[in-house]
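First residue of the sequence shown: 8, per the numbering used here; consecutive thereafter.
The C-beta atom is built at its ideal place from N, Cα and C for all residues, glycine as well.
Take a look at the structure set out below.
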Amino acid sequence: MIILDRRQIEDLIYLPAAATAIRDAFCSTSRGEVNLPPVGHITFPQVSGDCHIKYGHMQGKPDFVIKIATGFPQNAETEGGTGNGMSLVLSATTGAVQAILHDEMVMTDMRTGLAGSIATQALARSDSRTVLIVGTGPQAMRQIESHAAVMGDHLNFEVWGRSASKAAQLADKLGGRFAVRSVSDLETAVRSADVIVTATGSTKPLFQSDWVSAGTHITAVGADAPGKQELDVNLVARADLRVVDLAAQCLDHGEMSHAAVQGLIAGQDVLELGQVLLQAATGRKSPGHITIADLTGIAAQDIAIADVVLKAYRAKGGRDV
8 MIILDRRQIE
18 DLIYLPAAAT
28 AIRDAFCSTS
38 RGEVNLPPVG
48 HITFPQVSGD
58 CHIKYGHMQG
68 KPDFVIKIAT
78 GFPQNAETEG
88 GTGNGMSLVL
98 SATTGAVQAI
108 LHDEMVMTDM
118 RTGLAGSIAT
128 QALARSDSRT
138 VLIVGTGPQA
148 MRQIESHAAV
158 MGDHLNFEVW
168 GRSASKAAQL
178 ADKLGGRFAV
188 RSVSDLETAV
198 RSADVIVTAT
208 GSTKPLFQSD
218 WVSAGTHITA
228 VGADAPGKQE
238 LDVNLVARAD
248 LRVVDLAAQC
258 LDHGEMSHAA
268 VQGLIAGQDV
278 LELGQVLLQA
288 ATGRKSPGHI
298 TIADLTGIAA
308 QDIAIADVVL
318 KAYRAKGGRD
328 V
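Following this line, the structure appears as structure tokens:
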């Protein structure tokens, strides 16, 4: 059995290789090659905490993965951070535990960041330059890193958060590596952005639909559990294209679910990202269209990132203990 901690896992993840694996995972999902049971959720309302359990098996893989991830916002000022968790890798032949990857959310954060950038690359206008990041937590940082890695260094990032000081801190932290600055006026930033990435734990819309200009692409990654919402339902209804990581999941508890409950959209009004990547469905059709990617996070991503880590570990001579 292999046991790896956060530091070891971070050192083993090479973003370009991980991006390829995540992209392939979306394609495998849309081809029906991944067994993805419903997500398990536990909430702790008294502390605004939550836990979700995602698990699945990909055809042809010798192992299956069970991922446990927690989010407890009140830990923001502690060294442990707001998120924690691990992935268990088990043999699909014997059921034996093959690896315990105690990543403390690193793998989840990285695969979510990469998923966001893959969706943006597939759906945004080709001339997009300004990327507005709404949020200041670990996922906001991962989205900046991943968008730069996947789409190139021509992007200019703006960061907005409810805490102006946290937005400034994030911009300062990443300013030596990327073109990034903090902004204080959300409406102005939304109106001028080519791409908007929402990466928060919000339970209500972050901005109004009419702030969003024609041609904008929005990647929303925060609504990974029931009750969470980042986008105005009128914006979801207004969009010319709605793309999701998994239709059943996003219509259950993603951004799409809120619009669907109100009768503004239906299941046939969404496409899966894997379909677009496989060119089985058409993505953006016009530079003036508004496009949305609703990413709730799927176990196929967790399988893929765990596989990347274990392959890198073995390639470096790592052995079972």
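Going by alpha carbons, who is nearest to residue i out of the options?
i, options, result
"GLN105", "VAL113, VAL96, GLU111, MET112", "VAL96"
"MET158", "GLY183, THR127, ALA171, GLN146", "THR127"
"LEU280", "ASP134, LEU130, HIS224, GLY208", "LEU130"
"VAL204", "PHE79, MET65, ARG118, VAL166", "VAL166"
"ILE10", "PRO52, ASP110, ILE310, ARG184", "ASP110"
"ILE305", "PRO23, MET8, ALA24, ALA32", "ALA32"
"ASN82", "PRO69, ASP57, ASP179, ALA267", "ASP57"
"LYS292", "VAL190, ALA254, ARG249, ALA200", "ARG249"
"PHE164", "SER172, LEU177, LYS173, SER170", "LEU177"
"SER172", "THR101, SER191, ALA255, ILE20", "SER191"
"ALA103", "SER220, VAL54, MET8", "MET8"
"SER135", "VAL315, VAL316, ILE297, GLY324", "ILE297"
"GLY183", "PRO212, GLU152, ALA122", "GLU152"
"LEU108", "VAL316, GLY90, SER55", "VAL316"
"PRO145", "ALA322, VAL228, LEU278, LEU258", "VAL228"
"PRO80", "GLN53, PHE185, GLY67", "GLN53"
"GLY142", "HIS48, ILE49, GLY92, GLU237", "GLU237"
"VAL219", "PRO233, THR210, ASP247, GLY208", "ASP247"
"ASP201", "SER170, ARG149, SER133, ALA155", "SER133"
"LEU45", "SER216, ALA24, ILE73, MET117", "Position check: residue 45 holds Pro in this sequence, whereas Leu was assumed. Among SER216, ALA24, ILE73, MET117, the Cα nearest to that of PRO45 belongs to ILE73."
"ASN241", "GLY47, HIS260, GLY274, VAL268", "VAL268"
"SER199", "HIS161, ASP217, ASP18", "ASP217"
"MET93", "VAL328, LYS61, LEU19, ALA322", "LYS61"
"VAL283", "ARG30, LYS323, GLY168, LEU19", "ARG30"
"ALA174", "ASP160, HIS161, SER189, ALA122", "SER189"
"ARG118", "LYS323, ALA26, SER264, VAL197", "ALA26"
"THR2", "LYS318, ALA76, ALA155", "Residue coverage of the chain in this structure runs from 8 to 328, which leaves residue 2 outside it and unanswerable."
"LYS68", "ASN42, ALA156, GLY120, LEU162", "ASN42"
"HIS260", "ARG13, ASP18, GLY47", "GLY47"
"PHE214", "ARG169, ASP276, ARG14, ALA287", "ARG169"
Grab the span of the beta strand (DSSP E) containing residue i for me, first residue to last.
i, result
"VAL250", "248-251"
"ILE9", "9-12"
"THR205", "202-205"
"VAL166", "163-167"
"THR50", "47-51"
Going by DSSP, what residue range makes up the alpha helix (DSSP H) through residue i?
i, result
"ARG188", "First-last for ARG188: 186-189, but that is the beta strand (DSSP E), not the alpha helix (DSSP H)."
"THR36", "22-37"
"ILE272", "Unbroken run through ILE272: none, as it is neither H nor E."
"VAL316", "306-322"
"LYS173", "171-181"
"ALA288", "Neither: ALA288 is in no alpha helix (DSSP H) and is coded neither H nor E."
"VAL197", "193-199"
Going by DSSP, which residues form a beta bridge with residue i?
i, result
"LYS61", "LYS74"
"ASP301", "ALA227, VAL251"
"GLY56", "PHE51"
"GLU279", "VAL251"
"VAL41", "MET65"
Write down the C-beta distance between residue i and residue j rounded to the nearest angstrom, noting that I regard them as a contact closer than 8 angstroms.
i, j, result
"ASP309", "HIS59", "Going by Cβ atoms, the distance from ASP309 to HIS59 rounds to 11 angstroms, so no, they are not a contact pair."
"ILE140", "ALA206", "7 angstroms"
"ALA300", "THR226", "5 angstroms"
"ALA28", "PHE71", "Not really, about 16 angstroms apart at Cβ, beyond 8 angstroms."
"ALA244", "ALA221", "About 15 angstroms separates the two Cβ atoms, so there is no contact after all."
"ILE312", "MET65", "Not quite, the Cβ-Cβ distance comes to about 12 angstroms (not below 8 angstroms), so this is no contact."
"ALA307", "SER35", "6 angstroms"
"LEU253", "THR303", "7 angstroms"
"ARG149", "ASP116", "5 angstroms"
"LEU181", "VAL187", "5 angstroms"
"GLY78", "THR89", "6 angstroms"
"GLY258", "SER37", "Per the sequence presented here, residue 258 reads as Leu, with Gly not at that position. Not confirmed; about 16 angstroms, so no contact."
"ALA156", "LEU162", "Not confirmed; about 11 angstroms, so no contact."
"LEU19", "ALA319", "4 angstroms"
"LYS235", "GLY208", "6 angstroms"
Contact criterion: CB-CB distance below 7 angstroms. Does residue i meet it with respect to chain B?
i, result
"PHE51", "Among the chains of the structure shown, chain B does not appear; only one protein chain is present."
In chain order, which continuous runs of the alpha helix (DSSP H) of length 4 or greater are located wholly inside the segment 65-144? As summarised for the segment 65-144, the continuous alpha helix (DSSP H) elements at least 4 residues long and confined to that stretch are 113-130, given in chain order.
Every unbroken alpha helix (DSSP H) within the segment 211-256, with a cutoff of 4 residues, ordered by chain: Correct list: 240-245.
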